[in-house]
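Here the numbering used here = 1-based position in the sequence shown + 11. The beta-carbon is built from N, C-alpha and C at its ideal position, and this holds for glycine as well. Remember, predicted model here, so these are calculated numbers, not experimental data.
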Amino acid sequence: MECREERPADEQAPTPLERGLLHIWQSVGSCAQVCPERVFLSRPVLQTALGEHHGLLLTQGGLVYSFGELLWRDLSVPVSDPVLEASLLGRMVVRVAAGGFHCGALSEQGNVYVWGENTAGQCGLTERGIAANITVSEPCPLTVVDSDVVPPAAVRVVNLAFGREHSLALSAQNELWAWGSGCQLGLVTNTFPVWRPQKVEHLSGRHVIQVACGAYHSLALVRSLPPQNYNTQKPSEKRERGQSPHYTVTEKEEPFVVDGGHYCPLGVELTEVMTSETSPRRRGPRRRLQPGGRSAGSSPASVASEDGKSNTKQYSIMKNLPAGTKLEPDDPLTQTDGSPKSQPLPGCRSNKKSAFPDEMELQSLLQKLSCHSLEMHHTSGPGDTDSLSSYTSDDSCVSSTPSTDLLTSSYKEDFPIKSQSNNNSGLAVPYSSSPVCLEDVRLCLEAEEQALKGKKSSSLTNINQRGNTAANRRRSLPGTPTRGSPRRRRPCACKPSSAGRTQAAAPEEADDGLPSLDTEVWSWGRGSEGQLGHGDQLARLQPLCIKPLTGEEVIQVAAGSHHSLALTAHCQVYSWGSNMCGQLGHVNSPVTVPQQTKLSDGLRVWDVSAGQSHSLLLADGDCVQPVLLYCGQRQEPMSAQSERSNPNQRSCQRSPNRAESYTVRPTLLPFCMEMGYASSVCSGGQNCTVLVDQNVMGFISAIHEMASRERQFYCWLNSVRKLLLTPLRNRESSCPSLGEPCTHLFFSLCESFVRLSTLIGRHSTSLTYFQHDVQGRDVTSLPLLMQTEHFLDSYKEYCSSVGNFQVMGGFQSLRKLSLECLDSQQTVLAQLCVSDQSVGGDADLVSLLYRPLQQLHQYSRVLLKLAACYDVLTAEYQSLHQGFSQYESLSLSLLRRKKEAETTLLFWKTHSGKTTQEVLRLPQRRVVCESSNRSLTLQNAGRFSNHWFMLFNDVLVHTQGAIPSQSLFSTHHVYPLTCLWVKPVTEDSSSLYAIKITCPEESFTVVASTPQEKNKWLRSINQAVDQVLGGGGQGSSPGVMGMSRTASYTFTGEGRFKDAKYTGGWLAGRVHGRGTMKWPDGQMYSGNFKNGLEDGYGECIIPNKTLNKPDIYQGHWREGKIHGFGKYKYASGEVYEGCFSDGQRHGYGMLSSGKMAKKSSSVFIGHWVHDKKTGYGVYDDITRGEKYMGVWLDEQRHGSAVVVTQHGVYYEGTFRDNKMSGPGLLVSDDDTALHGEFSDDWTVNGKGVLSLANGDCLEGQFSGEWTAGLKVVGTYTKPVVDEPESKDRSSVLLGQYVVPAGQRWVCVFDECWSRLGCDAPGRGERAAAWENIAVTITTARRHSPDLSKSQTKVLECLEFIPQHGEPVTTANYDNIRRYLIKACETPLHPLGWLVETLVTVYRMTYVGVGSNCRLLRQAVQEVQAYLTHFYCIVRFLFPGLPDDGGIIPDPPASPAGRHNSDTAEQASVMVVSCSSLLLPLLLPRLYPPLFTLYCLQEEREEAQYWERILRINKQPDQSLLNFLGVQEKFWPVWMSILGERKQIVSTSKDACFVSAVETLQQISTTFTPSDKLLVIQKTFEELTQEVKPLLHGDFLWCMDDLLPLFLYVVFRARIRNLGAEVNLIEDLMDPNVQHGELGMMFTTLKACYIQIQREPTT
């Protein structure tokens, strides 16, 4: 439902009465005598609602007025002076509804207010009353609560519909709620009245669009479910769509097919039985409310017996009938429709009694009912029956049963259906019986079974409709009644509508903003007059789909007292139900199924309403102003006069008596043309109303013209589809005769026509809703303005499909096919054709199918009319004028396309060469110009050669050796316009009018015959290229247009790109920019190109046929070769990540053999030269457990190196030809060392010295392999020196054959210099380096869309080039440091890449097998070398930095501040070193492997230290302080635990100097020496703070006092690996702080560590 918010009444100024003018009249009386009464109100009327004898008016500002017989107040109010409902003031009502004798109003917030008669609970249990209230005199709120959710929530209502004894509400979630009495509620209940609104569970999960209520029946317009295969549904979905879980499909029983047109599930005959429960309470009050004998309703049913007299009887409620019990009524009523065809449940018995034993008698009666003249005069006595269905009692259905339509109708279309069993127990289901007892249902189903077995059908449904109804079998099935919704629909975001129309509130729009036409009509309640439309006169306890209306695009339903109307999108009206007064508008039989109302030609209905015995239609006529059509009672019946003359007689009839005079065809009401522009109609009782708008400034007429033309257009489209396209398509599908390409194009044409037709239908429906609510709508919300792109695309698609079909000559064949297929309908087809051409044949079909394009001009014309109603500066004018421009522009553009298609067809007819058409004739191709008149030829062509150029909208074709008149040629070349560049050649002395054409693989020059021809071809080619590239087709200046573009091309010439297809950027005929190149063999490159070659970053896949896997490269290219940094994944499993040069590995790189290696698994990281390992590198042979760290030459180990093994063996020496050769040092895990000559791997041959771990020495000639045993000829020496000296001597030997640290990873730093744009370290332009950094960061950010916000922010900061040329002072030093921190954290930055790579090579060297304690000294030196090289790069970028260890001065002070003392200036001096600036950036990443080496080096000493820590820490605090010699004045007396002071006693432990201990423990959580020194400094400060309270006055520490106290803190801190921490600080500490305060504090910590080691073990 579309709703619209309105301002409160007090904020909304009254508008002049130009809109919402109300006219009202009574339906009785001849059309010529009817004179509508104008109701004058101070505000425009937005909506009217009519009951039996009263009505409601909703005016602007949300005010509600009542008029008529207000029985609940004992008032009679004339319509000329309606009474204001004062209690609704301030409620901002947006919708009103009127039932038979009660009223309802809906507020903007979705709150419901009801008042009036409440004898059947139709006003519900209001918040102000109790259930016993028989009337509600004033509007009272009624809350709709959804109790299925937790917690229960109030439901927002958007629409109301009321009957005589029931009320329906539609929620914002498009669910239906009901209260009141009777089976017309559709509820699963056995208790009436229903005082509180309950959800209609049968429609749960369905999208209800609109509801309408008759006297005792209900209608709902529901959106259809999308089509799906029923067999593939889940069981839960099947139950939701109507299959009751109480029955199972048995595979043993034979399947059968049900004719949906004859079976009516849940059809129930209301049987006449005795009762004592049909509420005398409900009858009494109704009598008391009768003024003047007028019936206020009909509570007990009036049952007409066969003798024609009316007898009122009571009905009994039969409860708890056992299954299988047969109920024999005292007076069996007539089963008027015989036995509908169905398959009943097993175990049911048949009821064979019928008032029409002979089917001929039934047909005779149908004939009598159907044969009416256009004007019928019939005199009926008081005792005449109302209709045929009066023989069937139709009392209130007090109960409802579960869905039994699953027996036949729950299955889709033509699927065979199997009968279902219920264990032979009838309809024994959980829901108990009531006045409509379950036995009646069983009897009905038994009769249906008999009818099925006999293959008979005495249903009132026309048997001839079997095929139609079977084809229209509904796709949506009711859900099984449950307490909650099977599924929740999303809430509709609809606004409250100011017009608030009950009859046809706009349905919720689809995703594109237009209403859906895929709808169904559901009905339930009493069906004695056939008003349910299911082909019988049975009641329906639950909603059931009216299958004949499925697929008819119903957009509105209306319910009279005993008849129903449905309005379709193509302006047809279907009616069914009571036709005693001709209110159905036709005399077709039967009236129990929907039949089309007979309308005069040229009338298109767009609003319907139904009253007690009449129908009122609003339609488009010959002019823009709408007309009113009326069908039904003309003259007041005699029975009504006698009824008023006899006040004591109460009428309880369910339907009106036959009228004395009525129409059976809608008749024009002549007075409608004098009113104005009607926007809506309303009927109720015997009254009719119409709302009229005055045509102010032409606005209303423009709206009506737009809607009327769109409805007319849709009706025309619908006729063309049904009369022409559908038969031709069916014929072509079964017997193709158009030829393969034309058949495909014709089907495509039909599909685009259907899509356009659907769009127009939905648009016309949306405009209809707009007309109903012009006052509350904004003109800018018109779909033509909101969905402009959707409309434009649909028309473009349709125009293209028609043009494609025309170009291929399809209309010639289609004309022949139409003559064969539509011979009998040629007259009708001729009426559809509006061609102004005198020629016949296919030209008529062409103009017919091109006609929809004319609608675009109508759009633009009407939008211009609407724009003229607004001031130029308003937003409405701007929006309307923009829409006018768009639609007019498209109209002209499509007319040009039409002309192009006609020209192309003529071209192919003229040049009818078979070969030419087979190769070049394509549906989308249009000819632009051609040179058959020799207007263009090839430059320097031979004298006798013929050249023919044809320019199409997508290609330029050059044929040689051609005879244009005969369309013969020897060769032809096709040049796609997407990859074609054209520029004029400057006229030279030879006066040649030349044009140069450039293609990816070819360039040539053509010469025009005249300057005019040259300009024509230039302009044509430029426009065609511009259009094919997505431009407007206007072209540009010659030589400029489209130099840079994106296009696809397949190379055909020889070269690297042969047969490759490229998609991407171009520049002047060469591949340039970003694109993708694909070769037929599977090779693919995706990345950047430059001047026709790969250049920049790209990804390449190269197939390896041998290994059946591709090589994959991701990285940089230059001039078509791999060049720069990248990652190459080989098909063999190897992965190389590093630098390339001219397609070869060159520079720094890492090669990993991968897991798929067959022989060995290894990793090499180091320097490469021309695809070979050359220079320093680390080779980790994972299979052998060895790691080589040294120099390489041409893939061989050659030079100084170190080798370590997984067994702890360490070797350093020289290698030649890939083996150990020359002097070397080998140290085993137990410190045994061999220093000698090596001839092969681990093989000694020559002089050497073998030093044992205990200091013994063996010197002499050695030979043999280390692992197999050595032969020695030499001297064994027992040393006499001390062991420590021997150890020192052996340690000095390490490192003499190692590659110097400064020469190890030069390739990594060279790559960083290269990224900065420097050829060598320090050689390059500084400005260019900074530009390269900015470009690198910007490119990386552009090509990395998945970056987080923080990463993007960091990259944006790094894009800005900092101030780097100015001198560095203490003021801007921090800026440099912060920049370096961000740069090193970003791998995309050259410095960040450098740090990341250094971490990689360091871990590759010293992790795993490299964790050998003998590598510690090399690891430390390598870190220091990193700092040195790194600082050189930083100084290149920031030349203001001093040398390593230099001083940074203060910024120049202002003259006023130069009076500072020298001491203050000296205090702010800052010393900068590579250690202080760069070590915090690098060391935290290198810390794990480095600290591991320190721990291995100090392993023995650490064991001694830790053993003493554990032993001495067992003592209490005072004992330990005494043991360490701490003076008692420093002993703490109190300690604080959770803020509470406690005294320290002799047994206290870990209570002294706690803060200092905890501070020192943090040394293990820091990484850099500077941070560790700060921890030591803070420990001293904490120690001083704790000692101060114990001493009086200031004091200075002396080492004698400090060392024992600090030793206590070290003991209590229990720091693991303290020796490693001390050595790391000592090795990497900034030299500038070694001799200062921090240096002294560190010396104290080191002294404590040494002291602890020297503590005696006992």
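Same chain, Cβ closer than 7 angstroms to residue i, neighbours up to 5 away in sequence not counted
i     : result
N144  : N129
D1455 : Y1442, S1484 and C1485
G1715 : Residue 1715 lies beyond the range of the chain shown here (12 to 1669); nothing can be said about it.
Burial state of residue i, where buried means 16 or more other Cβ atoms lie within 10 Å
i     : result
E531  : buried
E283  : Reliability of the predicted coordinates at E283 is poor, the pLDDT of 39 falling under 50, and no value is obtained from them.
S1055 : exposed
K1140 : buried
P89   : exposed
Y1147 : buried
L1521 : exposed
R1334 : exposed
P1022 : exposed
R1315 : buried
F1371 : exposed
V1406 : buried
K1198 : buried
S509  : Confidence at S509 is low in this model, with a pLDDT of 39, below 50, so its placement is unreliable and the value that follows should be read with caution. By the neighbour-count rule (16 or more Cβ atoms within 10 Å), S509 is buried.
D631  : buried
S411  : Residue placement at S411 cannot be trusted, given a pLDDT of 37 that sits under 50; what the coordinates show is reported in the next sentence. Per the 10 Å Cβ criterion, buried.
When the options are compared against residue i, the one with the closest alpha-carbon
i     : options                     : result
G1149 : V1319, G1080 and G1233      : V1319
V1291 : G1086, H64, A1382 and C1268 : C1268
V156  : P1114, F1136, Q184 and H177 : Q184
Q950  : N698, P752, K910 and I1006  : I1006
R7    : V565, E212 and T737         : The requested residue 7 is not part of the displayed model; the chain covers only 12 to 1669.
F55   : P637, A1514 and L702        : Note that residue 55 corresponds to Pro in the displayed sequence, not to Phe. Comparing Cα positions, the closest option is L702.
I1123 : A189, M1095 and D1106       : M1095
P1462 : T1381, V616 and E1509       : T1381
6 angstroms CB neighbourhood of residue i in its chain, flanking five on each side removed
i     : result
R1389 : none
V78   : Residue identity differs from the one stated: residue 78 is Phe in this sequence, not Val. Closer than 6 angstroms at the Cβ level, and outside the excluded window around F78, lie G66, V88, V90 and P93.
V1418 : P1500
P237  : none
Test item: CB-CB of residue i and residue j under 7 angstroms
i     : j     : result
P934  : S777  : no
L3    : T1243 : Since the displayed the chain opens at 12 and closes at 1669, residue 3 lies outside it and no answer follows.
Q553  : G197  : yes
A580  : L528  : yes
V1039 : D965  : yes
S178  : Q133  : yes
Cutoff 8 angstroms; reference residue i; Cβ partners in own chain excluding five residues on either side
i     : result
G1536 : P1615
G1080 : C990, W992, T1009, C1010, P1011 and S1014
T1683 : Past the edges of the chain, shown from 12 to 1669, lies residue 1683, and the structure says nothing about it.
Would you list, in sequence order, the uninterrupted beta strand (DSSP E) runs of no fewer than 3 residues that lie entirely inside the stretch 1531-1603? Here the runs fully enclosed are 1545-1548 and 1551-1554.
In chain order, which continuous runs of the beta strand (DSSP E) of length 3 or greater are located wholly inside the stretch 681-718? 688-695 and 698-704
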